[in-house]
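K.L.:
Counting in my numbering, the sequence shown runs from 499 upward without gaps. All C-beta atoms, glycine included, are put in the ideal place defined by N, C-alpha and C.
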Amino acid sequence: MTSTLFILNEAPYGSERAYNGLRLAGALAGKEGQQVRVFLLADAVACARAGQKVPPGYYNIQLMLGKLVRQGEVALCGTCMDARGVTDAELIEGARRSTLAQLADWTAEAGKVLVF
499 MTSTLFILNE APYGSERAYN GLRLAGALAG KEGQQVRVFL LADAVACARA
549 GQKVPPGYYN IQLMLGKLVR QGEVALCGTC MDARGVTDAE LIEGARRSTL
599 AQLADWTAEA GKVLVF
């Protein structure tokens with residue numbers, strides 16, 4: 499099995515970096531023999547907020563991340579969450595608060611690390 503870690507740093511909307519990272523992660527997660535993990539840092543922690551409402555026809559980061567939760571693992575930097583006032587209760591189901599130590603472990607275990 500091939501393991502790929504995606505590290506997202508950008509806010510869910512305003513640029514398309516989070517969108518493009520999650521698009522690639524979703525495409526990869528759909529392939530056999532692939533393990534996909536997503537770690538959200540800095541402003542990207544907002545990607546995991548439940549209740550996102552976007553205009554009709556616009557991409558929804560919450561839905562994209564929700565699919566990845568079901569196919570892989572999604573973790574958020576707890577320090578980044580605290581700095582932005584994001585609580586555990588606000589997160590989509592399956593996404594979880596984590597630590598830099600967890601990110602270090604995932605990085606060491608990954609065959610590939612992609613940063614967006």
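1) Count the CB pairs spanning the stretch 598-611 and the stretch 541-558 that are closer than 8 Å, and state whether there are at least three.
2) Shorter than 8 Å from the beta carbon of L561 to some beta carbon of chain D?
3) Quick check: the Cα distance between S501 and R595, rounded to an integer number of angstroms?
4) Grab me the residues of L598's own chain with a C-beta within less than 8 Å of its C-beta, minus the 5 sequence neighbours each way, in chain order.
5) When DSSP labels each residue in this structure, what does E636 get in the three-state scheme?
6) So for V543, helix, strand or coil by DSSP?
P.N.:
Taking the geometry as given:
1) No, they do not touch.
2) The question asks about chain D, but that chain is absent: this structure has only one protein chain.
3) Taking the sequence shown and counting its residues from 1, the one referred to as residue 501 is at position 3. Taking the sequence shown and counting its residues from 1, the one referred to as residue 595 is at position 97. So the two alpha carbons sit approximately 21 Å from each other.
4) Position 100 of the sequence shown, counted from the start, is the residue given in the question as residue 598. Excluding residues within five positions, the ones whose Cβ falls inside 8 Å are C575 and T577.
5) With the chain represented from 499 up to 614, any question about residue 636 goes unanswered, as that position is not in the structure.
6) Within the sequence shown, numbered from 1, the residue matching residue 543 stands at position 45. Note: V543 maps to helix in three-state DSSP.
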